[in-house]
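First comes the structure, then the notes that go with it.
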Amino acid sequence: MAHPNRLHNARVLIFGGTSGIGFGVASMALSNGAIVTISGSAQPKVDAKVQELQRYYPSASVNGVPLDLSDTTNIEANMEALLKKVTNDGEHKLDHIVHCAGDALQLPKIYEMNPENALRGFHVRWLTGAVIGKLLATGKYMHTSPSSSFTLTGGVNTVKPGPGWSIGASWGGASEGLMRGLAVDLKPIRVNLVAPGAIDTPLFQNFVDNVGREREQEMKKTFTLLETWGDVKDTAEAYGWFMRDHYVTGTIASSDGGRLLV
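Just so we're aligned, residue 3 is where the sequence shown starts under the working numbering, counting upward by one.
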């Protein structure tokens with residue numbers, strides 16, 4: 003039997019799809035013939051990234067819808083409005099949702115933390131994932147089948163936090179717990195999580211610019227086995243695995259260059 007392309011004509015919605023890993027996932031899905039919608043916080047950037055993807059894949063189906071995930075007061079109503087729009091009020095249900103969205107928060111050290119800066123990191127990374135789970139539980143917006151998936155994003159620092167990562171590791175730990183709980187509550191929809199290491203994204207480059215190039219080269223050798231940063235094209239394949247493999251759920255995929263073995 004010929005092996006099927008399970009992403010061909012699959013409907014994929016990607017939060018955080020306008021940059022970094024999310025944009026890489028969108029490109030990977032389109033290269034396999036998926037029907038892709040990307041979401042980001044600002045309409046101009048969404049439009050620009052849709053046009054960029056259309057240049058790469060002229061015959062592909064790609065659209066963009068803005069949503070400000072940091073608006074916690076209105077997040078459920080805004081999220082449901084987006085899902086209604088993307089699915090034509092449930093007529094064209096989704097096959098896969100990928101949550102790569104994050105915001106450039108300053109990581110508070112444990113001696114600097116207060117309730118406001120400690121909880122702020124849960125808003126985009128955790129709360130929005132929980133809201134998506136609630137709306138998927140209605141059965142209106144995604145096929146209720148093992149061929150469907152919802153993939154969250156965590157990070158290697160949850161398991162191996164460096165100095166000053168007490169609060170940041172907590173954010174990742176909450177996402178891992180949410181993933182496992184949703185895998186049970188949303189079954190047979192599959193729910194998994196990708197835990198990237200140091201991936202070369204615009205957000206990561208801000209960190210590199212602060213430490214300097216000399217320190218960056220030292221870190222490549224001491225923070226990974228492969229002595230290099232990850233590429234979004236590689237990490238996108240982890241999300242592709244979770245979409246393609248209809249028998250994997252409640253699982254974490256690490257794309258970290260061997261960080262946990264260093």
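Backbone N, C-alpha and C define an ideal beta-carbon position, used for all residues, glycine too.
Fair warning: this is a prediction, and the values are worked out from it, not measured in the lab.
Check                                                                                                                  : Outcome
Simplified DSSP assignment, three categories, for residue 55                                                           : helix
Extent of the continuous alpha helix (DSSP H) run through residue 42                                                   : Looking at the DSSP string, residue 42 is not in any alpha helix (DSSP H); the run it does join, the beta strand (DSSP E), is 37-42.
Closest Cα partner of residue 31 within the set 65, 142, 133 and 47                                                    : 65
Spatial neighbours of residue 204 in its chain, beta-carbon cut-off 8 Å, leaving aside the 5 residues before and after : 21 and 22
Limits of the unbroken beta strand (DSSP E) element including residue 67                                               : 63-68
Euclidean distance between Cα positions of residue 161 and residue 239                                                 : 21 Å
Cβ-Cβ separation, residue 126 to residue 194 (assumed contact under 8 Å), whole Å                                      : That belief does not hold up - the Cβ atoms of residue 194 and residue 126 are roughly 19 Å apart, past 8 Å.
Candidates 131, 105 and 241: closest to residue 119 by CA position                                                     : 105
Selection from 260, 7, 116 and 74 that minimises the alpha carbon distance to residue 229                              : 260
Residue from 19, 55 and 8 whose Cα sits closest to the Cα of residue 34                                                : 8
Same chain only: Cβ atoms within 8 Å of residue 3, ignoring 5 sequence neighbours per side                             : none
Residue 196, buried or exposed, once every other Cβ within 10 Å from all chains shown has been counted against 16      : buried
Member of 172, 236, 175 and 183 whose CA lies at the smallest distance from the CA of residue 200                      : 236
Where the beta strand (DSSP E) through residue 198 begins and ends                                                     : 192-198
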